Structures are given as C-alpha cells and as structure tokens.
Amino acid sequence: YVWPSPQLDALESVRFDQLGHNEGIGMAGFVDPCTTDAFEGPGSGRSNAADWIRNAYHDMATHNIMAGTGGLDASIRFAEEQARAENAGTGFANSAPILSGFATPYISIADTFALGAVIAIENCGGPEIAFRGGRVDAGEPNAPGVPQPQQDLQTHIDAFARQGFTQTEMISLVACGHTFGGVQHAAFPNIVPEFNDPNDTLSVAHFDSTFVHFDNNIAMEYISGTTKDPLVVGMNDTTNSDKRIFGSDGNATMASFAKSPELYASTCATLFARMLDTVPKGVALTEVITPLPVKPSILTMLFNIGTVQFSGEVRFWDRTLDETHTVNLLWDDHIGGTHNLSLPPAGMSTSNGGRHSAAWYSILDNGGPLLLDAAVGIKSMRFVVDGKLEDQGGIGFPIQDGVLYSTSSCITAGMQFFPPFVGRFDVAVRDGLNPTRVFLERVEMDDVGRPILVQTDVPRPDQPMSTGAGYSIWSINLNQTGHDSFAEYTLGAEVNGEKLVLFGAPQSISQVPRCP
Ligand code: HEM
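Using this note's numbering, the final residue of the sequence shown is 810, and nothing's skipped along the way.
So, in structure tokens, the structure goes:
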C-alpha cells in the first residue's frame, strides 16, 4: 500500500514494530519470553501466548459458513459468551483486556485478537502468518458453537465443517493449536487432577513437552507413543477428543507432520491465516499487510508564529543500524524549493520472532524539531539512503501541513491536575487550503466497548485572523470537566468532503500553557 493511510499504517505498526526501539507500543512484550503470563506469574504452567491463540480460535469457532454469521468478531469479549461451558477457563477474561488495549478507531478489537495470535505464534517459534486487518466488532454475543472435548468425532467433524474446514483441516488445525498450552485442572477437573507441582502451580497438563514453543512435537510425540496430551491419554476416554480427531484418518496427517516440521509449519501458517480471516458475511478485510520498506512514523507538526516545527522518525525495514549508512531527508516546499537534512540514527527494532530487523532514524535537526519557514511549508518528503533514492516508486511521501495546532493555544483556568480546565485551542489553517470543516477528534468507547471517533467542529472564523506567515488561526474554546478533563484531541479536516491525513500529536487543554 501507499503511505499514508490511517488504517493500514496503524495496523502495520502493531503488526511489525514489535521489540526494541518503540516497543512501548507493541504487543510482543507480552509474549517475550514466551513463558510470560500477565496474570498468574512464573511457573503457573500457563502463558499469554497460549491464551491468545485459544482466544482467537474460540472467537472464530462460532462461525456458520452457510449463514455467514459468527467468526472472528471479538464477541468472546462479552461475559455472556465467556460464561458458556464451551469457553471454560480464565483464558478469555485474561486475553481480552490486554489485547483490546491496542484497539483504536482504525484497529478493531477483533483485529487485536487476530494480531495477538499472529504475534504469539511468530514470536514463539512459529511460521510467519499472512495478516489482514479490517475485522468488525460484534455488538452482541454470537450463537454458541465451540467444540468441547466430550463430544464425539462426528460432532467435531460437523462443527469444523460449519466453521469452513474439512476433516483433514480439522486434524491439522487442532494439531497446530495444541502445540501450545494444555488443559488446566481448575477449568477441567474431570480431565486433569491437581498436581501440587511448584513448577506447574495451576496444574496444567500440557499437550506436548514444548508447550510455549511452536514445533511438531505435538505430532512426533503422538506418533511415537510418548505423548502426554491429556486429550489423547486422559483417564476418561470420553474426553479424549485429540485422540479421536488425530486418529480419524488412520493417523495419516499426524504421521506426515511428525515426519516433516516444514510441512507442519507451512500447513499451520495457511490454516491459522484462514482461521483468523474467518469473519461474518459482509466484512471486507484489507489486503495482506506487508511491511513498508520505508515508513515515516510518529510525525508531529506544530505552528509557532512564523515557523512549522516538524519532527518524527523514519523506519527502514530489513536493515541494521550500521554507522556507515548515510540517511538524508529531502523535502519539497510549496513554492518549488527542495531542502536537505542528514538524519541521525534512533534505534533498532526486531519483528516476527527476530526474523526481521528495522533501523530507525530521527527526523530531527541538532536534536530538536526541524524549523520550517511556515510561509513555504512542506509538501512532500523523500529519503536518500547510501546514495539510493527512496520515494515510494516516484510518489514521494506526501505531507499535509494545511491544518496544525498552534503554540498560541492556552489555558485561562485550571491548575495542572485540577479541573475544570478552561482554555482555547488555536488551529493554524494554511491560506488557500479552504477546508470545508476543521474539527477536533477524540476516541470514545461506545456502549459495547468499541473505540469510535467523536468529532467537535472548530468554528470557522467570521474574519480569518491572518498570522502573516501563510496561515490563519481558527479557535475553539473548551471548558473541560469530569471525565472529559484530560481528554486528548487530534486535529481533523475535510476539503470538499475528503478527510485529510494530518500529522500531529494529540493535545489536551490541560497541558497547554497559561494565556498571557
Ligand atoms: C475439537 C476441537 C478442540 C477441542 C475439543 C479443544 C479442547 C481444548 C481444551 C479442553 C483445552 C484446555 C483449556 C484450559 O484448560 O483452559 C484447550 C486448550 C487450548 N486449545 Fe484447544 N481444542 C480444540 C481445538 C483447538 C484449535 C483449533 C486451536 C487453535 C488453532 C486450539 C488451541 C488451544 C490452545 C492454544 C490451548 C491452550 C490454552 C492454554 O494453555 O491456556 N484448540 N483446548
């Protein structure tokens, strides 16, 4: 895709900016190391990674391919679904709050559920998985339909068929999922006894000997007869669902997985992707999100009297941060001029279980923001890396400097932490842009926990107040109390009904300086 795109850029960041530089915004820290368990602590026998994979499967498993209902739509976040016997255990109540914290108006909660599974699998030895975004969050629970261990083989074959998978795919998908985690005593006391083991404090009987690592041991141990999978060798044969499923084709699929770790990994990559892309009818997923080779990120812009303060970072994919690289930013202004700046290195990040690394450079001048002459502004960027031009195949990296916060925004009442805050946001609007609307945007949750954008128009001034530097100021007065007190707003604007992609950190009226 072409940068910038609010939705794809946001999905790409959560998908690919995982560990190292900027990891503060990443999910991978919750599954690195793979034994990490946010709720139970070390030695519990459980892990976030296993929870996140089971969470995605159970959310999807309500799908009905004929009716087009159910699927990966985050309906499992509802207490009513979690309370069903088919969703026994605390895994869902543990996964949803962490993962949904990454949701934004551009990344649905269901997308975070899918991303959690992808990142857990990749980070814990699994294959790379093609990820698409664009899932839509359900507003209510789905019809039940997750398979349970005491059901017979035909019920499982029928359930997977309803979800859109053949019998062979069922065997494979169960084998792919059950390379992680195990069955816990508290949730399934009839399958697993209490162990009183200090290294497995929650009494989890694991499916294979490497239960926080993706590998074909689930198949090797099954075929060699050494498996301890509690759904294969459990005391009560009624709940030995893995045994019935794995054996349902005379062990052909499991034998092929035991023989070839590559076949196992590639089959799992395909089936996990299909599982995550199983969504209700009418939901249109995005293209497979691949990393942008060059990606400007965390850009901010601020109007300050005659200048535009511009800063940010740029990420170069599959690169190391070698001192010998030279990275130059070239930018075009609005009157045909081109400017040039050498960029300092900022840090390294890694992704997809360490398969990829990315080098980040700061868009900074002598450690501070670039001070652009506001009258000529900035229209587009390009980069030159070791003499090679990076310009998105000739398109460049378009920059919208038409609507930005002004440093003249100020507060007249309210102290640092003590609302109410009364003040004014000043918004600089570039002469000649003629926006149809300028507005503040903030993220709110709707009544079923989905993040949505709420807009407040900045009134168009009767008499535009020119700054004499290519911009006029529009202002909005705010009186922020109660739950709005520290609300953060980004700027939005439309020209002829088209929403502009603006850059700029969100601002809260509680943080702007006092009016003179
Ligand atoms: C007939 C189908 C299936 C049955 C009957 C089944 C049954 C179970 C049971 C009883 C548990 C124990 C849960 C707990 O104690 O909290 C479990 C765990 C798990 N299942 Fe399945 N499962 C099935 C299919 C799948 C599939 C298709 C996947 C993913 C692709 C999957 C992924 C997992 C994972 C990762 C865990 C470990 C959770 C943890 O350790 O916290 N399962 N499964």
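Glycine included, each C-beta is placed from N, C-alpha and C at the ideal position.
Keep in mind the model is a prediction, meaning the values are calculated, not measured.
Taking 8 angstroms as the cut-off, the Cβ atoms of L305 and D446 do not count as close. The beta carbons of A361 and G439 sit no closer together than 8 angstroms.
Ranked by Cα distance from D311, the options A373, G786, I583 and N771 are led by I583.
Between the alpha carbons of I767 and V721 lies a distance of about 5 angstroms.
Here the alpha carbon of S560 sits roughly 30 angstroms from the alpha carbon of R371. Within the DSSP bridge table, the entry for R808 names I705 as partners. S535 is positioned such that its CB atom lies no closer than 8 angstroms to that of H472. Under the three-pair Cβ rule at 8 angstroms, the region 677-695 counts as touching the region 783-801. Out of A668, H633, N358 and A563, the CA that lies nearest to the CA of D452 is found in N358. Taking C-beta atoms as the reference points, A763 and A669 count as a pair closer than 8 angstroms. Ranked by how close their Cα comes to the Cα of G641, the residues G661, N660, D616 and L635 have D616 in first place. DSSP, read as helix, strand or coil, puts D751 in strand. In this structure, T706 places its C-beta atom within 8 angstroms of the C-beta atom of C809.
Distances from the CB of Y351 to the heavy atoms of the ligand HEM include at least one below 7 angstroms.
Under the criterion of beta carbons closer than 8 angstroms, T601 and D667 qualify as touching, at roughly 7 angstroms. Across the structure, P587 and S497 are spaced so that their CA atoms are roughly 45 angstroms apart. The beta strand (DSSP E) runs of length 3 or more contained entirely in the region 676-702 are, from start to end of the chain, 682-684 and 697-699. Pairing Q442 with P745, the inter-Cα distance amounts to about 32 angstroms. Between the ligand HEM and L393, a heavy atom-to-CB distance of less than 7 angstroms is absent. The straight-line gap separating the alpha-carbon atoms of I592 and H777 is approximately 27 angstroms.
Contact between the region 331-343 and the region 490-505 is present: three or more C-beta pairs spanning the two stretches fall below 8 angstroms. If the five residues before and after T572 are omitted, its C-beta is found closer than 7 angstroms to the C-beta atoms of M354, H357, G365, L366, Q457 and G458, all from its own chain and listed in chain order. When R426, L665, Y400 and E735 are compared, the shortest CA-CA separation from V412 is found for R426. Distance from the CA of F780 to the CA of I403, rounded to the nearest whole angstrom, comes to 24 angstroms. Here DSSP, grouped into helix, strand and coil, assigns H500 to strand.
The DSSP assignment places complete beta strand (DSSP E) segments of no fewer than 3 residues inside the region 451-489 at 476-478, in order along the chain. Not one heavy atom of the ligand HEM is found less than 7 angstroms from the C-beta of I423.
Residue range T601 to W611 is occupied by the beta strand (DSSP E) that includes W611. Residue burial annotation: K589 is buried, with at least 16 other C-beta atoms found within 10 angstroms of its C-beta. The criterion of a C-beta distance shorter than 8 angstroms is not satisfied by S389 and D431.
Nearest to A469 by alpha-carbon distance, out of A350, F551 and V752, is F551.
Per DSSP, V621 is one residue of the beta strand (DSSP E) stretching across V621 to D626. For V679, the closest of H315, P639, M595 and A414 by C-alpha to C-alpha distance is P639.
Taking C-beta atoms under 8 angstroms as the contact rule, A408 and L570 qualify, at a distance of about 4 angstroms. If you check the C-beta of R609 against the ligand HEM, you find no heavy atom less than 7 angstroms away. Counting only residues of its own chain and dropping the five nearest sequence neighbours on each side, L664 has a CB closer than 6 angstroms to the CB of F604.
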